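Enquirer: In this note's numbering, the protein residues as written are 8 to 447.
(1) For residue 174, which option in 130, 151, 329, 89 has the closest C-alpha, if you only look at C-alpha atoms?
(2) Let's test the definition: count the other Cβ atoms within 10 Å of the Cβ of residue 367 and tell me whether it reaches 16, buried, or not, exposed.
(3) For the alpha helix (DSSP H) containing residue 304, name the first residue and the last one.
(4) What is the rounded straight-line gap between the Cα of residue 443 and the Cα of residue 430?
(5) Helix, strand or coil for residue 415, going by three-state DSSP, please let me know.
(6) Pick helix, strand or coil for residue 183, following the three-state DSSP scheme.
(7) Measuring straight from C-alpha to C-alpha, what distance separates residue 132 and residue 181?
(8) Is DSSP giving residue 164 helix, strand or coil here?
(9) Distance check for residue 445 and residue 338, CA to CA, integer angstroms please.
(10) Under 8 Å between the Cβ atoms of residue 333 and residue 306?
(11) By alpha-carbon positions, which one of 250, 437, 196 ends up nearest to residue 167?
(12) Considering only the beta carbon of each residue, do residue 136 and residue 149 sit closer than 8 Å?
(13) Does the beta-carbon distance from residue 419 to residue 345 come in below 8 Å?
(14) State the start and end residues of the unbroken beta strand (DSSP E) segment that holds residue 368.
(15) So, for residue 202: in the same chain, excluding its five sequence neighbours on each side, which residues have a beta-carbon less than 6 Å away from its beta-carbon?
(16) Tell me the residue span of the alpha helix (DSSP H) that contains residue 58.
(17) I'd like the ranges of any alpha helix (DSSP H) spanning at least 4 consecutive residues and lying wholly in the region 70-142.
(18) Quick one: Cα of residue 441 to Cα of residue 265, how far?
(19) Taking the alpha carbon of residue 427 as the point to measure from, which residue in 416, 436, 434, 433 has its own alpha carbon closest?
(20) For residue 381, which of helix, strand or coil comes out of DSSP?
(21) Output the distance between the C-alpha atoms of residue 116 and residue 65, rounded to the nearest integer angstrom.
(22) Between which two residues does the alpha helix (DSSP H) containing residue 340 stretch?
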């Protein structure tokens with residue numbers, strides 16, 4: 008009976024010990040998880056301006072927790088078949104190895120490379136038990152570093168093996184259970200995510216830098232092109248005026264000596280000179296849209312539209328109706344006049360009805376005004392809706408139009424951060440809409 012009682016007491020003691028050990032393991036794992044949460048929070052809240060310091064600090068925290076003597080991060084270069092130590096933490100009294108572990112041929116670590124390719128950890132509990140495989144064997148590589156135990160966890164980004172984290176135990180053999188291995192995998196994924204975030208931030212910064220450089224370059228090119236257009240246009244005007252004057256004098260002086268048929272080429276020359284003059288004026292107007300030096304002021308659009316209508320040649324059979332009480336906007340008089348002049352002039356020009364009808368009006372919206380110029384003219388094909396706002400685009404090749412009018416309108420509307428579009432049906436007419444913010 009006494010023997011049985013002693014056996015029973017041993018069983019109770021053994022059970023208590025096992026439960027105590029389980030509780031200790033669970034408590035350790037919970038602390039391990041809390042540490043990872045703390046590191047993860049640091050990564051999330053950091054601006055990653057000094058990612059090197061963050062990574063070294065986390066290697067130290069994890070290394071000390073798992074009681075390793077050296078923790079590190081390696082990068083794989085599978086193209087050149089090498090691996091390099093990029094970050095390392097060493098406990099007090101442990102010699103660093105990072106300088107000795109650059110561009111290591113992966114042929115030296117084929118066992119753990121194969122494990123990593125499978126997404127598995129490579130773990131050696133006791134290096135001294137490894138087989139002797141000569142001076143290039145794994146045992147011969149690890150023992151000179153004083154390593155007694157080792158575990159490495161693969162780093163995988165987008166299903167691609169990019170490196171690993173590792174933990175060396177120099178002072179004593181270190182055991183890792185399956186749960187601890189899983190937690191180390193979580194840490195490896197955290198490292199991948201934070202480095203990926205850093206790479207993304209750097210890519211965004213680089214893209215922003217290139218974008219800024221491009222905008223500066225485009226701005227400079229735009230200034231140079233506008234100046235070039237301005238200079239060239241001015242230089243062309245003088246000889247055109249001379250040509251027009253000389254041809255006009257010739258026609259006047261010889262009108263009684265030359266037949267009307269012989270005058271046709273001269274009249275065609277005058278027509279082309281006038282056409283070129285319209286084109287030059289259009290280029291000049293387009294080039295100065297965003298170069299006007301005068302300060303913005305409150306502009307009464309009712310006055311602007313009245314002045315435009317007084318300068319346009321409107322056929323008797325065309326009726327133009329203008330809505331009352333147009334708003335007053337902050338802006339440049341010349342720009343606003345160009346917008347209404349070009350749109351109304353186009354409506355007159357492309358009228359093909361006996362009685363042309365043109366309506367000019369606006370609708371007030373919460374943050375902007377929506378203006379419109381509506382006609383009952385020939386209309387526009389839908390595939391031209393975007394093209395007509397481009398420079399030199401015309402609906403027809405006849406006439407002396409420069410093909411720049413609508414592009415000037417769009418440039419001005421865009422300058423004031425508005426939008427412009429057209430709605431049209433062939434044979435029924437067109438309506439040009441554009442918006443201008445209440446505060447330009």
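All C-beta atoms in this analysis are idealised placements derived from N, C-alpha and C, irrespective of residue type, glycine included. From a predicted model like this one, the values you see are computed outputs, not experimental measurements.
Expert: Quick look at the numbers:
(1) Of 130, 151, 329, 89, the residue nearest in Cα terms is 130.
(2) Buried, by the Cβ-count rule.
(3) Segment 304-307 is the beta strand (DSSP E) holding residue 304; no alpha helix (DSSP H) there.
(4) Cα to Cα, residue 443 sits roughly 18 Å from residue 430.
(5) Residue 415 falls in the helix class under three-state DSSP.
(6) Here residue 183 sits in coil by DSSP.
(7) Rounded to whole angstroms, residue 132 to residue 181 spans 6 Å at the Cα level.
(8) Here residue 164 sits in strand by DSSP.
(9) Whole-angstrom Cα-Cα distance: 11 Å.
(10) For residue 333 and residue 306, no; Cβs fall outside 8 Å.
(11) For the options 250, 437, 196, the alpha carbon positioned closest to that of residue 167 is the one of 196.
(12) No, these two residues do not count as a Cβ contact at 8 Å.
(13) Result yes, Cβ atoms of residue 419 and residue 345 sit closer than 8 Å.
(14) Counting along the chain, residue 368 sits inside the beta strand (DSSP E) bounded by residues 363-371.
(15) When the five nearest sequence neighbours on each side are left out, no beta carbon in the same chain lies closer than 6 Å to the beta carbon of residue 202.
(16) Note, residue 58: alpha helix (DSSP H), 58-72.
(17) Runs of the alpha helix (DSSP H) inside the region 70-142: 117-124.
(18) Each residue's CA atom was taken as its position, placing residue 441 and residue 265 some 51 Å apart.
(19) Nearest C-alpha to residue 427: 416.
(20) In this structure, residue 381 counts as strand in the three-state DSSP scheme.
(21) In a straight line, the C-alpha of residue 116 is about 25 Å away from that of residue 65.
(22) Following the DSSP letters along the chain, one finds residue 340 inside the alpha helix (DSSP H) bounded by residues 340-356.
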